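Whatever position you read off the sequence shown (first residue = 1), add 97 for the working numbering. First up is the structure itself, then whatever we jot down about it.
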Amino acid sequence: MRTFLNDTFELAALGAFVALILLLTRAGAPLV
Numbered sequence: 098m099r100t101f102l103n104d105t106f107e108l109a110a111l112g113a114f115v116a117l118i119l120l121l122t123r124a125g126a127p128l129v
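This is the structure in structure tokens:
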């Protein structure tokens, strides 16, 4: 269970990081 929670947290953190990068990229360079 502990491993499952850890993997879920890492996946959520990675997803949030990617989403943030995409938002910043689209906001900074709409043409991309």
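The beta-carbon is built from N, C-alpha and C at its ideal position, and this holds for glycine as well. All values reported here derive from a predicted model rather than from experimental measurement.
Close-in-space but distant-in-sequence residues of the same chain around residue i (CB under 6 Å, 5 per side omitted)
i	result
Ile-118	none
Leu-108	none
Neighbourhood of residue i by C-beta, 7 Å cutoff - its chain only, sequence neighbours within 5 removed
i	result
Thr-100	none
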